[in-house]
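**Q** This note's numbering numbers the first residue of the sequence shown as 14 and each following residue consecutively.
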Amino acid sequence: MDDIDAWVWWLIGAVGLGIPLVVTAMPEFGMLAVGAVAGAVTAGLGGGVVLQVVVFAVVSVALIAVVRPVATRHRSQRPQLATGIDALKGKQALVLERVDGSGGRIKLAGEVWSARALDTGRAYDVGEEVDVVEIEGATAIVM
Numbered sequence: 014m015d016d017i018d019a020w021v022w023w024l025i026g027a028v029g030l031g032i033p034l035v036v037t038a039m040p041e042f043g044m045l046a047v048g049a050v051a052g053a054v055t056a057g058l059g060g061g062v063v064l065q066v067v068v069f070a071v072v073s074v075a076l077i078a079v080v081r082p083v084a085t086r087h088r089s090q091r092p093q094l095a096t097g098i099d100a101l102k103g104k105q106a107l108v109l110e111r112v113d114g115s116g117g118r119i120k121l122a123g124e125v126w127s128a129r130a131l132d133t134g135r136a137y138d139v140g141e142e143v144d145v146v147e148i149e150g151a152t153a154i155v156m
């Protein structure tokens with residue numbers, strides 16, 4: 014097996030490792046495929062079989078050691094984009110009907126919501142802007 018054949022075999026191995034990457038979505042196969050490409054480059058540059066295998070192993074292990082922990086950390090983090098009722102907390106709303114400790118109505122994110130004042134002794138009149146502090150069921154708690 015001469016050098017040209019060796020780099021072709023390394024590329025075939027890279028493609029072979031890329032197939033399970035696509036099927037299983039396991040990034041480790043992609044890292045091994047990159048290691049195989051590095052082995053192909055080494056073979057193309059005239060490196061011996063031992064050097065090709067060493068380059069493959071070093072590149073693959075280095076990628077797994079560096080990229081995998083970063084990917085795992087990103088996968089376990091909560092998304093930074095708030096959705097649903099969490100996205101409404103901290104928004105401003107317009108009072109449509111007087112809001113006090115017992116209730117009222119506000120316009121929040123283009124929709125009419127029932128609302129209640131956080132401070133039961135405080136009241137907000139029609140036209141005032143209030144801040145949404147919490148959402149309890151279908152009621153916005155405002156201040």
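Yeah, the Cβ is synthetic: ideal placement off N, Cα and C, and Gly gets one too. Remember, it's a predicted structure, so these values are computed and weren't measured experimentally.
Going by beta-carbon coordinates alone, are V155 and L131 separated by less than 8 Å?
**A** For this step, residue 155 is matched to residue 142 along the sequence shown. For this step, residue 131 is matched to residue 118 along the sequence shown. It is a contact, given that the beta carbons lie within the stated cut-off.
**Q** Give me the DSSP bridge partner(s) of I116.
**A** Translated into positions along the sequence shown, residue 116 becomes position 103. Reading the sequence as shown, one finds Gly at residue 116 and not Ile. Answer by DSSP bridge pairing, in chain order: D113.
**Q** Note down the Cα distance separating A19 from G29, rounded to an integer number of angstroms.
**A** On the sequence shown, position 6 is the one that residue 19 refers to. On the sequence shown, position 16 is the one that residue 29 refers to. Approximately 15 Å, taken between the alpha carbons.
**Q** If you count every other CB in all the chains shown that lies within 10 Å of the CB of V47, and 16 or more means buried, which is it?
**A** If you number the sequence shown from 1, residue 47 lands on position 34. So V47 ends up on the buried side.
**Q** Could you check which residue in A78, G117, G140, T96 has the C-alpha nearest to that of L107?
**A** Walking along the sequence shown from the start, residue 107 turns up at place 94. Ranking A78, G117, G140, T96 by Cα distance to L107 puts G140 first.
**Q** Taking the alpha-carbon positions, what's the F42 to V35 distance?
**A** Stepping through the sequence shown from its first residue, residue 42 is reached at position 29. Stepping through the sequence shown from its first residue, residue 35 is reached at position 22. Straight-line Cα distance between these residues: approximately 9 Å.
**Q** L109 and K102 - do their beta-carbons sit closer together than 8 Å?
**A** Looking up residue 102 in the sequence shown gives position 89. Looking up residue 109 in the sequence shown gives position 96. No, they are not a contact pair.
**Q** Note the first and the last residue of the continuous beta strand (DSSP E) segment covering D144.
**A** For the purposes of this step, residue 144 is identified with residue 131 of the sequence shown, where counting begins at 1. Note, D144: beta strand (DSSP E), 142-149.
**Q** Taking only three categories from DSSP, how would you classify V54?
**A** The count along the sequence shown starts at 1 and reaches residue 54 at position 41. Of the three classes helix, strand and coil, the one that applies to V54 here is helix, per DSSP.
**Q** Report yes if the C-beta distance between A27 and A53 is below 8 Å; otherwise report no.
**A** Against the sequence shown, residue 27 aligns to sequence position 14. Against the sequence shown, residue 53 aligns to sequence position 40. Yes, the Cβ-Cβ distance between A27 and A53 is below 8 Å.
**Q** If you follow the alpha helix (DSSP H) that R88 is in, where does it begin and where does it stop?
**A** For the purposes of this step, residue 88 is identified with residue 75 of the sequence shown, where counting begins at 1. That run of the alpha helix (DSSP H) goes 62-89.
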